[in-house]
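For what it's worth, our numbering labels the leading residue of the sequence shown as 15, then goes sequentially. The structure under discussion appears below in the form of structure tokens.
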Amino acid sequence: MKRIAVMGTGYVGLVSGTCFAEIGNQVTCCDIDEGKIQRLNEGIIPIYEPGLEEVVKRNIKEERLTFTTDIPSAIRDAEIVYIGVGTPMAESGEADLTFVKNVAKTIGENLNGYKVIVNKSTVPVGTGKLVQSIIKEHSTGNVEFDVVSNPEFLREGSALEDTMNMERAVIGATSDKAANIIKEIHEPFNTTIISTNLESAEMIKYAANAFLATKISFINDIANICERVGADVTKVAEGMGLDSRIGAKFLQAGIGYGGSCFPKDTRALIHIAEQVDYDFKMMKAVINTNEYQKMKVVTKLKDIISELKGKTIAVLGLAFKPNTDDMRDAPSLEIIPALLKEGAKIQAFDPIAKEAARLHFGDAISYHTDVYETLTNADVCVILTEWKDVLELDLNKVHSLLSKPVIVDGRNCFDLKEAEAANLIYHSIGRPEVNS
Numbered sequence: 015m016k017r018i019a020v021m022g023t024g025y026v027g028l029v030s031g032t033c034f035a036e037i038g039n040q041v042t043c044c045d046i047d048e049g050k051i052q053r054l055n056e057g058i059i060p061i062y063e064p065g066l067e068e069v070v071k072r073n074i075k076e077e078r079l080t081f082t083t084d085i086p087s088a089i090r091d092a093e094i095v096y097i098g099v100g101t102p103m104a105e106s107g108e109a110d111l112t113f114v115k116n117v118a119k120t121i122g123e124n125l126n127g128y129k130v131i132v133n134k135s136t137v138p139v140g141t142g143k144l145v146q147s148i149i150k151e152h153s154t155g156n157v158e159f160d161v162v163s164n165p166e167f168l169r170e171g172s173a174l175e176d177t178m179n180m181e182r183a184v185i186g187a188t189s190d191k192a193a194n195i196i197k198e199i200h201e202p203f204n205t206t207i208i209s210t211n212l213e214s215a216e217m218i219k220y221a222a223n224a225f226l227a228t229k230i231s232f233i234n235d236i237a238n239i240c241e242r243v244g245a246d247v248t249k250v251a252e253g254m255g256l257d258s259r260i261g262a263k264f265l266q267a268g269i270g271y272g273g274s275c276f277p278k279d280t281r282a283l284i285h286i287a288e289q290v291d292y293d294f295k296m297m298k299a300v301i302n303t304n305e306y307q308k309m310k311v312v313t314k315l316k317d318i319i320s321e322l323k324g325k326t327i328a329v330l331g332l333a334f335k336p337n338t339d340d341m342r343d344a345p346s347l348e349i350i351p352a353l354l355k356e357g358a359k360i361q362a363f364d365p366i367a368k369e370a371a372r373l374h375f376g377d378a379i380s381y382h383t384d385v386y387e388t389l390t391n392a393d394v395c396v397i398l399t400e401w402k403d404v405l406e407l408d409l410n411k412v413h414s415l416l417s418k419p420v421i422v423d424g425r426n427c428f429d430l431k432e433a434e435a436a437n438l439i440y441h442s443i444g445r446p447e448v449n450s
């Protein structure tokens, strides 16, 4: 058992800390937000993540997991300090390391014995060395410590499962001693461990996310060509994905990626390249494709119904993906304002992200958690998130509820033959139009 302090209680910090407690460690998760910490100690989870609430409550009850705003005490009591604070994107595209620097300063001020300081947040190459220098600057005496880069690879909506069943653990350390300590706490996860230096570990996270974003933009470009030549991108992707050199994951055509990682990390990687005088043209193209793809559903809808003014549009899905309430860089944030600008009225469905979306749209749209209620009295339907409720829609019932039997599907949720049988005018991404 190790004594672990986790700085930050967002997705990364909260999920990682909870999972470290679940495998038997003594974990204290820290945050400066007193209200948030009070709620967490009561078992109230600030984010929606399947299964997380149950595991948090269990570990609180078994006294392996606590939450505090007393960050100095948590640091002094810990053997390992994880930094899991946010690294939002600055206007320049680079990662904003303000929170990381503040935590490093606090660690230095409270360093009272050997500790392993672990960067869990996604940070630019060189941040490990920066953290090391800040801690040295603010520590008193000659107290030994090491810095490790141990990036997370969790996916929102399956973060708990991804952590408890992680595919790999990347450990970049300043010493073998520190590397072995972090390897030891990962042994219960029964995962593949990659040991490297700080810089390589930091680059692995960016490279992995950038490559996945590239796959998404690539298949979306292929989808746009498929529409012009009469091909079906789902079959193209299936044929590609069966090639073991390519694989089927992240080859689902649609309206592009969003969320807290891909938009931020692709731009940050371009900034990293610029810092060493390299023009990362491919990554710029990936971002451009993704920005173009978001507006495909608006373009398609205007092609079908030239005048959107006064029309009521049922928008199914607000969060950037299913099983999360995260609105960060969700396509809805650009698509809904574009529809409102055309004079349309919006009835929006999302089973989880309703309140998070209200922070962005206010009273400009109406919010619903029942998908059929959302469709009632709507002229047409646009699909932005492939929630289970959306995937299980009765298309004949959808036809009866819509004033005009039109669906523009940004996530390719339905079989073309089923849409045709329901007599729907159905436009998706990279596939032939149905009943157009």
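Glycine included, every Cβ here is placed at the ideal spot set by N, Cα and C.
Look up residue i in the DSSP assignment and give the residues it is bridged to.
i: residue 13; result: No information on residue 13 is available, as it lies outside the stretch 15 to 450 that the chain covers here.
i: residue 327; result: 360, 394
i: residue 79; result: 41
i: residue 381; result: 362
Quick check on the burial criterion: 16 or more other C-beta atoms within 10 angstroms. Buried or exposed for residue i?
i: residue 134; result: buried
i: residue 259; result: exposed
i: residue 69; result: buried
i: residue 488; result: Examination of residue 488 is not possible in this model, given that the chain is present from 15 through 450 alone.
i: residue 400; result: buried
i: residue 241; result: buried
i: residue 225; result: exposed
i: residue 435; result: exposed
i: residue 282; result: buried
i: residue 444; result: buried
i: residue 346; result: buried
i: residue 208; result: exposed
i: residue 411; result: exposed
i: residue 340; result: buried
i: residue 101; result: buried
i: residue 221; result: exposed
i: residue 58; result: exposed
i: residue 179; result: exposed
i: residue 432; result: exposed
i: residue 498; result: This structure does not reach residue 498, given that the chain is present from 15 up to 450, and the question cannot be answered.
i: residue 295; result: exposed
i: residue 416; result: buried
i: residue 378; result: exposed
i: residue 75; result: exposed
Classify residue i as helix, strand or coil using the three-state DSSP reduction.
i: residue 17; result: strand
i: residue 160; result: strand
i: residue 209; result: strand
i: residue 214; result: helix
i: residue 386; result: helix
i: residue 72; result: helix
i: residue 427; result: coil
i: residue 322; result: coil
i: residue 32; result: helix
i: residue 27; result: helix
i: residue 228; result: helix
i: residue 239; result: helix
i: residue 59; result: coil
i: residue 317; result: helix
i: residue 9; result: Residue 9 falls outside the range modelled here, since the chain spans only 15 to 450, and no answer is possible.
i: residue 414; result: helix
i: residue 351; result: helix
i: residue 373; result: helix
i: residue 153; result: coil
i: residue 46; result: coil
i: residue 335; result: coil
i: residue 342; result: coil
Mind checking whether the beta-carbon of residue i lies closer than 6 Å to any heavy atom of the ligand FAD?
i: residue 125; result: Among the components modelled here there is no ligand, and therefore nothing to report on the ligand FAD.
Okay, do the stretch 274-287 and the stretch 360-380 touch, 3+ Cβ pairs below 8 Å being the bar? With a cut-off of 8 Å, the stretch 360-380 and the stretch 274-287 do not count as touching, because too few Cβ pairs lie within range.
At 4 residues or longer, and completely inside the stretch 81-147: list those alpha helix (DSSP H) runs for me, N to C. The stretch 81-147 contains these whole alpha helix (DSSP H) runs: 85-91, 112-123.
Below 8 Å, how does it come out for the stretch 120-140 and the stretch 19-38: are there three or more Cβ pairs, yes or no? With the cut-off at 8 Å, the stretch 120-140 and the stretch 19-38 touch.
Within the chosen definition, does the stretch 58-69 reach the stretch 93-106 through at least 3 CB pairs nearer than 8 Å? Counting Cβ pairs under 8 Å, fewer than three are found: no touch.
Please give me, in chain order, every unbroken run of the alpha helix (DSSP H) with length at least 4 that falls completely inside the stretch 172-202. Within the stretch 172-202, the complete alpha helix (DSSP H) runs of at least 4 residues fall at 173-178, 190-200.
Closer than 8 Å is the cut-off here; do at least three beta carbon pairs connect the stretch 161-179 with the stretch 231-247? No: the two stretches stay apart, fewer than three of their Cβ pairs being nearer than 8 Å.
Continuous alpha helix (DSSP H) assignments of at least 4 residues falling wholly in the stretch 247-315: Qualifying alpha helix (DSSP H) stretches, in chain order: 247-255, 276-289, 295-308.
Are three or more beta carbon pairs between the stretch 424-437 and the stretch 390-407 nearer than 8 Å? Between the stretch 424-437 and the stretch 390-407 there are three or more C-beta pairs closer than 8 Å, enough to call the two in contact.
Do three or more CB pairs link the stretch 273-285 to the stretch 120-128 at distances below 8 Å? They do not touch, by the three-pair rule.
Indicate whether the contact test is met: 3 or more Cβ pairs, each with one atom in the stretch 297-307 and one in the stretch 241-256, closer than 8 Å. Taking a cut-off of 8 Å for Cβ pairs, the stretch 297-307 and the stretch 241-256 do not touch, as fewer than three such pairs fall below it.
Specify whether the stretch 260-270 and the stretch 179-192 touch according to this definition: at least 3 beta carbon pairs, one from each stretch, less than 8 Å apart. Cβ pair count under 8 Å is below three, so no.
Do the stretch 73-85 and the stretch 43-57 meet, that is, are 3 or more Cβ pairs less than 8 Å apart? The stretch 73-85, when compared against the stretch 43-57, does touch it at the 8 Å Cβ threshold.
Just checking, does the stretch 352-359 make contact with the stretch 331-338 on the three C-beta pairs under 8 Å criterion? Touching, no, given that fewer than three Cβ pairs across the two stretches are closer than 8 Å.
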